[in-house]
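Visitor: Before I ask anything, let me first share the structure, which is written out below as structure tokens.
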Amino acid sequence: MLTRIVILIALLTPLRAIVGGDDGYILTVAKARALVRELSAECEKATYKPRLPYRETFEKAMRGDVKALYTVFTDENYHSGDNEGWISTAWPLMYVVGDKRFAAFLQTVDERTQRDIFKTVLCCYPPELKKGYFEGKFPRVAAIYKRLHPPNASN
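Set out below in structure tokens:
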């Protein structure tokens with residue numbers, strides 16, 4: 011019995027650190043790429059989705075291809091069926107693409123689409139806005155975000 015408890019604690023400790031930590035938005039490019047590829051594989055395996063070039067499109071998107079990025083952000087077929095998978099993949103996708111290329115992509119779409127993309131990308135990662143990580147890691151993208159979301163005069 012004691013062995014089971016020790017094993018359970020050992021299994022739950024890393025999970026507790028992930029859930030309890032507030033820096034889960036800080037990734038390596040390799041980890042971010044792996045998260046995006048997981049969603050790509052999930053889309054390919056989904057029998058209820060049309061047969062589309064999911065893997066190829068996500069790979070192009072990770073290289074900053076504007077058309078592929080537009081497709082994965084606007085075509086719901088490229089989102090996971092549970093929505094959480096897609097929302098938690100958008101930040102890693104931006105992470106892989108990088109500040110310069112992601113900002114260039116954002117400048118190709120209208121403001122409404124930019125706002126929708128930011129809602130998705132920043133949905134699960136609010137601390138990076140408060141702690142300055144977003145502005146530091148993605149200064150060009152953050153400038154676009156600030157233009158769309160100017161601070162209140164009362165702040």
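Using my numbering, read the sequence shown as starting at 11 and increasing by one per residue.
A virtual CB, placed ideally from N, CA and C, is assigned to each residue, including glycine.
These numbers were taken from a predicted model, which means no experiment stands behind them.
Would you grab the beta carbon distance between K96 and Y35 for me? Rounded to a whole angstrom, and I think it's under 8 Å.
Guide: Note that residue 96 is Trp in the sequence shown, not Lys. Between Y35 and W96 the Cβ distance is about 16 Å, and since that is not below 8 Å, they are no contact.
Visitor: Are there three or more Cβ pairs, one per stretch, closer than 8 Å when the segment 103 to 118 is compared with the segment 38 to 46?
Guide: Yes, the segment 103 to 118 is in contact with the segment 38 to 46.
Visitor: For the ligand FAD, is there any heavy atom lying closer than 7 Å to the beta carbon of Y105?
Guide: By its list of ligands, the structure shown contains no ligand whatsoever, and the ligand FAD lies outside what it can speak to.
Visitor: Using 8 Å as the limit for Cβ to Cβ distance, is L103 near chain C?
Guide: This model lacks chain C altogether, as it is built from one protein chain only.
Visitor: If you count every other CB in all the chains shown that lies within 10 Å of the CB of Y64, and 16 or more means buried, which is it?
Guide: Y64 comes out buried.
Visitor: By how many angstroms is the C-alpha of Y155 removed from the C-alpha of D32?
Guide: Confidence at D32 is low in this model, with a pLDDT of 47, below 50, so its placement is unreliable and no value can be given for it.
Visitor: Mind reading off the beta-carbon distance from Y88 to T67? Whole number of angstroms is fine, and I expect it under 8 Å.
Guide: That pair is a contact at about 7 Å.
Visitor: Whole angstroms is fine: what's the gap from K55's alpha carbon to L116's?
Guide: Roughly 29 Å between the two C-alpha positions.
Visitor: Mind listing, in chain order, the continuous alpha helix (DSSP H) runs of no fewer than 4 residues lying wholly within the segment 28 to 66?
Guide: 39 to 55, all fully within the segment 28 to 66.
Visitor: Would S90 and E121 qualify as a contact pair, given that the criterion is a beta-carbon distance under 8 Å?
Guide: Cβ atoms of S90 and E121: not closer than 8 Å.
Visitor: Thinking C-beta only, is F144 closer than 8 Å to A152?
Guide: Cβ atoms of A152 and F144: closer than 8 Å.
Visitor: Rank A113, P149, R150 by C-alpha distance to the C-alpha of G74 and give the top, closest one.
Guide: The residue with the shortest Cα to Cα distance from G74 is A113.
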